[in-house]
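Numbered by the working numbering, the letters in the sequence shown go through residues 8 to 176 in order.
Ideal Cβ positions, reconstructed from N, Cα and C, are used throughout, including at glycine.
Predicted model, so just to flag it, every value in this text is computed and none were measured.
This report refers to the structure that appears directly beneath it.
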Amino acid sequence: MATAYGIHLGNNSGCLAVFANGAASVLANDAGDRVTPAIVALNGVEWEIGLPAKSGQASSKSIIKHNKRLMNNDFSEDDLTYVESTSSCRVQNDDKLVYEFETSETKLYSNPDNIATKIYAKLYTIASHSVQNEGDLKLVLAAPLNWSSASRERLVKCAELAGFDVLQV
Numbered sequence: 008m009a010t011a012y013g014i015h016l017g018n019n020s021g022c023l024a025v026f027a028n029g030a031a032s033v034l035a036n037d038a039g040d041r042v043t044p045a046i047v048a049l050n051g052v053e054w055e056i057g058l059p060a061k062s063g064q065a066s067s068k069s070i071i072k073h074n075k076r077l078m079n080n081d082f083s084e085d086d087l088t089y090v091e092s093t094s095s096c097r098v099q100n101d102d103k104l105v106y107e108f109e110t111s112e113t114k115l116y117s118n119p120d121n122i123a124t125k126i127y128a129k130l131y132t133i134a135s136h137s138v139q140n141e142g143d144l145k146l147v148l149a150a151p152l153n154w155s156s157a158s159r160e161r162l163v164k165c166a167e168l169a170g171f172d173v174l175q176v
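As structure tokens, then:
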């Protein structure tokens, strides 16, 4: 039987499960935790994802939290305000939604899709270390029921850019 993965990426954390040999189990990340914080930080010129980003939040001025709130094409002004208040990077919503990460070395710009792709890439690394050379990593994604098809398609694109072969949302 083929191996398949499932991901729930929320506002606070992501969880990766595997279904293989007729049984499902939740995979642990490199710290041994079964959930990975959905936090991304820019430390100098290096991106930190998950626990390293969370544990370094006191020292970094370039952290984004609750990114998933802004992945929905129908996000509200309250969502935008909440993400701005919990993150330490600037959030600009002029023509396009952009995060501005500033460190002593550099200033970088990103968007919710790029941040989600970084988190999916972290989960992809965890998944790829759990199998013995199976080729494409097949994935089922969890998405909120009230999201539009376009919002769901954004999640699929991010997961595929991270390396997964998305079977279903």
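Through-space distance from A31 to A169, alpha-carbon basis: 22 Å
In chain order, what residues of the same chain have a beta carbon less than 8 Å from the beta carbon of G39, not counting five sequence neighbours either side? none
Which residue wins for smallest C-alpha separation from L115, given the options V90, N153 and C96? C96
Would you say N50 and G63 are within 8 Å of each other, going by their C-beta atoms? yes
Decide if K103 is buried, meaning its Cβ has at least 16 other Cβ atoms within 10 Å, or exposed. exposed
So, at 7 Å on beta carbons, what are the nonlocal neighbours of A9 in its own chain, with the 5 sequence-adjacent residues on each side left out? K145
Under the three-state reduction of DSSP, which class applies to L16: helix, strand or coil? strand
Which residues in the same chain have their Cβ closer than 7 Å to the Cβ of K125, if we skip the five residues on either side of it in sequence? V47, W54 and I56
N50, DSSP secondary structure in three states: strand
If you scan the region 89-140 from start to end, which runs of the alpha helix (DSSP H) of 4 or more residues do you find wholly inside it? 119-135
Alpha-carbon spacing of L23 relative to L77, whole angstroms: 21 Å
If I follow the unbroken alpha helix (DSSP H) through A157, where does it start and stop? S156 to L168
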